[in-house]
Amino acid sequence: MNAQTPLITDSITAAISAKEPSVDLIGEDAPFDASQRDFLNGLLAGISAIAAGAQQGGEVLTPMRVLYGSQSGNCEVLSKDLKKAGAGHGFGADVSALDDITPADLAEMQHVAIVVSTFGEGEPPDNAAKFYAALMADDCPPLPASLNFSVCGLGDTSYADFNKCAADIDARMAELGATRVAELVKCDVDFDDDYAEWKTTLFASESFVSAGGTAAAPVVDAEPQAMFDKNRPFMAQLLTSDRLSGEASAKCVDHIAISLAGGGADLEYAAGDALGVWPLNCPDEVRALLAAAGLTGKEIVTLKTGQSTLKAALATRLDIQTVTPKTLEDFGLEAAEGQVLEVVQAAENVGPQQLADALRPLQPRLYSISSSPKAHPGEVHLTVGEVRYDLDGRDCKGVASTYLGDRLAEGGMLGVYVQKSAHFHPPSDDTQPLIMIGPGTGIAPFRAFLEEREARGATGKNWLFFGDQHASCDYLYQDELEGWAAKDHVDLSLAWSRDGASKVYVQTLLEERGEDVFAWLEEGAAIYICGDASRMAVDVEKALLRIIAKGLNADEEAARAYLDGMAAAHRYQRDVY
Ligand SMILES: Cc1cc2nc3c(=O)[nH]c(=O)nc-3n(C[C@H](O)[C@H](O)[C@H](O)COP(=O)(O)OP(=O)(O)OC[C@H]3O[C@@H](n4cnc5c(N)ncnc54)[C@H](O)[C@@H]3O)c2cc1C
Ligand SMILES: Cc1cc2nc3c(=O)[nH]c(=O)nc-3n(C[C@H](O)[C@H](O)[C@H](O)COP(=O)(O)O)c2cc1C
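The numbering of the sequence shown is our numbering, which starts it at 130 and goes up by one.
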């Protein structure tokens with residue numbers, strides 16, 4: 130081979146970097162016979178075509194839309210996975226929240242995959258609410274049959290309206306004329322397997338197979354694979370667990386500090402993110418369940434994750450409280466009052482494997498992070514309300530909240546992961562005014578916001594609406610909040626529902642200060658709500674709409690449009706549960 134002879138590697142490099150697929154990159158002078166040259170030219174033209182497509186924004190990839198509606202982040206994570214999977218099947222997917230499009234936009238699309246959760250009591254997540262309302266409206270325009278879609282829902286079988294939002298969207302899109310290419314899948318809290326099966330069915334559907342790009346582009350994973358995530362939690366150390374609420378309080382709220390030392394980049398968080406915590410069940414409850422079933426716990430059972438003793442499975446792997454439709458079916462019951470314990474007490478001859486099969490896997494719980502990493506490097510703080518209640522005379526408790534607040538000793542280890550929040554962060558503009566409404570444990574992210582804004586030296590003014598039952602025993606973070614108020618870092622509006630003759634809630638104070646609230650909004654303030662979804666967040670929104678209508682001197686429709694505009698600009702955000 131002389132100096133002028135092109136190297137085969139040079140030819141391949143040239144072919145791959147060529148913008149246009151070219152023929153005859155292997156020249157006459159290359160050291161190949163005619164048939165070898167033809168073969169190599171064909172091969173390089175093919176490689177070049179794929180590379181050119183990938184380089185030019187995926188010309189060989191068929192456009193696809195992945196749409197998600199997600200409140201606590203699960204569907205958003207899955208939407209990114211779908212995009213990657215799409216590339217492997219010849220699709221170049223754009224990912225967006227359902228509220229970023231309208232039903233009219235849908236009519237322009239041909240391949241659509243939707244992953245959406247259900248929140249509240251059968252409601253859509255916040256970032257799908259506008260789309261959902263428009264799709265369900267009587268005047269929603271028809272959809273073309275050329276729109277090929279499938280829906281995967283994330284939900285929880287312990288809710289009455291299991292996966293209602295996904296089911297409604299699926300049914301309505303078909304009713305409006307779009308073509309369902311793969312059946313709706315309604316996933317429970319352990320959604321990994323059902324989601325994976327749905328994804329396989331979707332990409333194996335005739336419509337997706339025939340439309341997918343003929344040449345699969347190389348799948349390049351731009352984001353490095355996380356070492357720690359929901360399914361591979363970081364084992365962190367519990368530093369402290371201190372009671373925040375006073376002895377006289379009806380509630381037990383704890384301040385939890387966890388060390389993130391050794392967690393690395395995957396455990397880095399921002400104010401506004403949540404922490405996922407993998408709890409263990411209470412040993413007393415495990416013992417009670419084994420006794421009710423007449424089992425020792427030493428029996429070997431098979432779970433999806435492998436074999437285990439029944440006792441270990443009940444302590445660490447299975448949800449031993451929630452009765453699902455499968456639990457009832459497995460025990461041959463139509464309906465049941467109470468939890469798994471009551472079902473097992475009512476059943477006869479419970480087998481160890483039958484019990485393990487009837488229970489769904491234990492799931493992690495999310496907690497809004499109540500610290501700024503700038504104020505507490507290497508640590509994460511939570512504000513946890515212990516769930517305790519009476520069920521027909523039996524003392525019951527929440528799994529994770531009492532594990533954190535009661536059972537896990539300081540110095541003990543627990544599995545955690547960071548659940549990033551898309552937009553629920555302090556405004557990036559440090560001069561922007563901020564109104565925060567967070568009664569009870571809803572204070573959690575706002576303690577983090579106030580720490581963060583203080584550490585950043587943000588000059589934007591802060592106004593916090595906080596409250597609970599009694600000032601004397603429910604005033605969480607009192608010293609810190611009053612310290613900040615004394616430094617003019619925050620204005621405090623405190624609502625104590627059981628201290629006066631009449632009940633005062635955060636929404637009561639919000640309306641009392643309605644004129645000032647509206648003036649702040651007109652100055653460009655962002656308004657964030659955190660805490661109870663079922664009553665507080667609903668009542669606060671109603672109060673806000675009345676305040677805005679009054680401020681605009683307009684009707685509720687105009688106020689709704691104003692608030693929708695704020696939401697679209699991420700100036701109105703909720704972290705509610
Ligand atoms: C994004 C997000 C952020 C969150 N942030 C926080 C936070 O900052 N602080 C916080 O404390 N929590 C927060 N939560 C709630 C938290 O995730 C848990 O749901 C909560 O701690 C309860 O979990 P648990 O395991 O203790 O209770 P579980 O074991 O899940 O038990 C709760 C269940 O018990 C049953 N139950 C409860 N009360 C009764 C009753 N009176 N009668 C009959 N049944 C009853 C209900 O079925 C209920 O669903 C957040 C949730 C989300 C989604
Ligand atoms: C406050 C709250 C209310 C919920 N309501 C429902 C419901 O009505 N129906 C349902 O199927 N799932 C319900 N779920 C379960 C969620 O849909 C499920 O956790 C899902 O995985 C969340 O996905 P996301 O993180 O993408 O929002 C609820 C969860 C929470 C925390």
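Each residue gets a CB set at the ideal place from its N, CA and C atoms; glycine is no exception. Keep in mind the model is a prediction, meaning the values are calculated, not measured.
Coil, strand or helix - residue 204 by DSSP: Within the sequence shown, residue 204 is the residue found at index 75, counting from 1. Under the three-state reduction of DSSP, residue 204 is assigned to helix.
With DSSP as the reference, label residue 483 as helix, strand or coil. As a first step, residue 483 must be located in the sequence shown, where it is residue number 354. DSSP places residue 483 in helix when its eight states are reduced to three.
For residue 383, which option in 447, 618, 525, 605 has the closest C-alpha, if you only look at C-alpha atoms? Here the question's residue 383 lines up with position 254 in the sequence shown. Comparing Cα positions, the closest option is 605.
Say the cut is 6 angstroms; is the CB of residue 227 nearer than that to a heavy atom of ligand 2? As a working mapping, residue 227 is identified with position 98 in the sequence shown. No, Cβ of residue 227 sits at least 6 angstroms from all heavy atoms of ligand 2.
Using three-state DSSP, classify residue 489 as helix, strand or coil. For this step, residue 489 is matched to residue 360 along the sequence shown. The answer is coil: DSSP assigns residue 489 none of H, G, I, E or B.
Delimiting residues of the beta strand (DSSP E) encompassing residue 704: Position 575 of the sequence shown, counted from the start, is the residue given in the question as residue 704. 701–705 is the extent of the beta strand (DSSP E) around residue 704.
Within a Cβ cutoff of 7 angstroms, which residues of the same chain sit near residue 643, ignoring the five residues on either side of it in sequence? Here the question's residue 643 lines up with position 514 in the sequence shown. Closer than 7 angstroms at Cβ, skipping near neighbours: 676, 679.
Have a look at residue 586 and residue 559 and give me their C-alpha separation to the nearest angstrom. Within the sequence shown, numbered from 1, the residue matching residue 586 stands at position 457. Within the sequence shown, numbered from 1, the residue matching residue 559 stands at position 430. Pairing residue 586 with residue 559, the inter-Cα distance amounts to about 8 angstroms.
In chain order, which continuous runs of the alpha helix (DSSP H) of length 4 or greater are located wholly inside the segment 489–554? For the segment 489–554, whole alpha helix (DSSP H) runs of length 4 or above, ordered along the chain, are 528–531.
Neighbourhood of residue 227 by C-beta, 6 angstroms cutoff - its chain only, sequence neighbours within 5 removed: Locating residue 227 in the sequence shown gives position 98, counting from the first residue. Here the set comprises 196, 198, 257, 260.
Measure the C-alpha to C-alpha separation of residue 543 and residue 640 and round it to an integer number of angstroms. Residue numbering aside, residue 543 sits at position 414 when the sequence shown is read from its first letter. Residue numbering aside, residue 640 sits at position 511 when the sequence shown is read from its first letter. Those two C-alpha atoms are separated by around 42 angstroms.
Contact check, residue 508 vs residue 389 under 8 angstroms by CB: the rounded distance? If you number the sequence shown from 1, residue 508 lands on position 379. If you number the sequence shown from 1, residue 389 lands on position 260. About 6 angstroms separates the Cβ atoms of residue 508 and residue 389, confirming a contact at the 8 angstroms cut-off.
Tell me which same chain residues have a C-beta within less than 6 angstroms of the C-beta of residue 151, skipping the five on either side of it? If you number the sequence shown from 1, residue 151 lands on position 22. Here residue 151 scores only 40 on pLDDT, less than 50, and its place in the model should not be relied on; the value that follows carries that caveat. By the criterion of a C-beta distance shorter than 6 angstroms, residue 151 is surrounded by no residue of its chain, once the five residues flanking it on both sides are discounted.
Once you ignore the five residues that flank residue 479 on each side, which residues in its own chain have a CB closer than 6 angstroms to its CB? By one-based count along the sequence shown, residue 479 stands at place 350. Beyond the five residues adjoining it in sequence on each side, residue 479 comes within less than 6 angstroms, by CB distance, of 422, 473 in the same chain, given in chain order.
Is it the case that the CB of residue 457 approaches a heavy atom of ligand 1 more closely than 6 angstroms? Counting from 1 along the sequence shown, the entry for residue 457 is found at position 328. It does not: the Cβ of residue 457 is nowhere closer than 6 angstroms to a heavy atom of ligand 1.
How many whole angstroms separate the CB atoms of residue 189 and residue 342, which I take to be in contact at a CB cut-off of 8 angstroms? Residue mapping note: residue 189 aligns to position 60 of the sequence shown, counting from 1. Residue mapping note: residue 342 aligns to position 213 of the sequence shown, counting from 1. Right, the Cβ-Cβ distance comes to about 5 angstroms (below 8 angstroms), so this counts as a contact.
Residue range of the alpha helix (DSSP H) that includes residue 440: Your numbering for residue 440 matches position 311 in the sequence shown. Bounds of the alpha helix (DSSP H) holding residue 440 are 439–445.
Taking only the alpha-carbon atoms, compute the straight-line gap between residue 652 and residue 562 and give it to the nearest angstrom. For this step, residue 652 is matched to residue 523 along the sequence shown. For this step, residue 562 is matched to residue 433 along the sequence shown. Distance between the alpha carbons of residue 652 and residue 562 is about 8 angstroms.
Among 672, 457, 415, 230, which residue has its Cα nearest to the Cα of residue 440? In the sequence shown, residue 440 corresponds to position 311, counting from 1. The option with the nearest alpha carbon to residue 440 is 415.
Quick one: Cα of residue 179 to Cα of residue 305, how far? Translated into positions along the sequence shown, residue 179 becomes position 50. Translated into positions along the sequence shown, residue 305 becomes position 176. With a pLDDT of 46 at residue 179, under the threshold of 50, the predicted position of this residue should be treated as unreliable, and no value is reported.
Measure the C-alpha to C-alpha separation of residue 325 and residue 442 and round it to an integer number of angstroms. Your numbering for residue 325 matches position 196 in the sequence shown. Your numbering for residue 442 matches position 313 in the sequence shown. Each residue's Cα considered, the two are about 24 angstroms apart.
Quick one: is residue 531 buried, meaning 16 or more other Cβ sit within 10 Å of its Cβ, or exposed? Here the question's residue 531 lines up with position 402 in the sequence shown. Buried is the call here.
Beta-carbon within less than 6 angstroms of residue 224's beta-carbon, same chain only, minus the 5 sequence neighbours each way: which residues are those? Locating residue 224 in the sequence shown gives position 95, counting from the first residue. Answer for residue 224: 195, 208, 212, listed in chain order.
Which of the three DSSP states, helix, strand or coil, is assigned to residue 578? Taking the sequence shown and counting its residues from 1, the one referred to as residue 578 is at position 449. Looking at residue 578 - three-state DSSP - the assignment turns out to be helix.
DSSP state of residue 685 mapped onto helix, strand, coil: Counting from one through the sequence shown, the residue named residue 685 turns up at place 556. Three-state DSSP puts residue 685 in a helix.
Only counting the same chain, and skipping five residues up and downstream in sequence, which positions put a Cβ closer than 6 angstroms to that of residue 243? Here residue 243 corresponds to residue number 114 of the sequence shown, with the count starting at 1. Excluding sequence positions up to five before and after residue 243, its CB lies within less than 6 angstroms of the CB of 196, 280, all in the same chain and listed in chain order.
What residues match up with residue 302 in a beta bridge as DSSP calls it? The sequence position of residue 302 within the sequence shown is 173, counting from 1. None, per the DSSP bridge assignment.
Cα-Cα, which of 590, 632, 591, 580 is closest to residue 609? Here residue 609 is taken as the residue at index 480 of the sequence shown, counted from 1. For residue 609, the nearest C-alpha among the options comes from 580.
Give every residue of the same chain whose Cβ lies closer than 6 angstroms to the Cβ of residue 75, excluding the five residues on either side of it in the sequence, and list them in chain order. In the structure as shown, the chain begins at 130 and stops at 706. Residue 75 is therefore absent and cannot be evaluated.
Decide if the segment 293–307 is in contact with the segment 326–340; the criterion is three or more beta carbon pairs, one per stretch, under 8 angstroms apart. Contact fails: fewer than three Cβ-Cβ distances are below 8 angstroms.
Helix, strand or coil at residue 640 according to DSSP, with G and I counted as helix: Position 511 of the sequence shown holds residue 640. For residue 640, the three-state secondary structure derived from DSSP is helix.
Closest to residue 271 by CA distance: which of 289, 232, 631 is it? Position 142 of the sequence shown, counted from the first residue, corresponds to residue 271. The residue with the shortest Cα to Cα distance from residue 271 is 232.
Please report the straight-line C-alpha distance between residue 603 and residue 596, rounded to a whole angstrom. Along the sequence shown, read from residue 1 onward, the residue named residue 603 stands at position 474. Along the sequence shown, read from residue 1 onward, the residue named residue 596 stands at position 467. One C-alpha to the other measures close to 8 angstroms.
Using the rule of at least 16 other Cβ atoms within 10 Å of the residue's Cβ for burial, across every protein chain shown, is residue 657 buried or exposed? As a working mapping, residue 657 is identified with position 528 in the sequence shown. With 16 or more other Cβ atoms within 10 Å, it is buried.
Taking only the alpha-carbon atoms, compute the straight-line gap between residue 619 and residue 578 and give it to the nearest angstrom. As a position in the sequence shown, residue 619 is number 490, starting the count at 1. As a position in the sequence shown, residue 578 is number 449, starting the count at 1. The C-alpha of residue 619 lies about 11 angstroms from the C-alpha of residue 578.
Which residues in the same chain have their Cβ closer than 8 angstroms to the Cβ of residue 265, if we skip the five residues on either side of it in sequence? Position 136 of the sequence shown, counting from 1, holds the residue named residue 265. Excluding positions up to five away in sequence, the list reads 297, 301.
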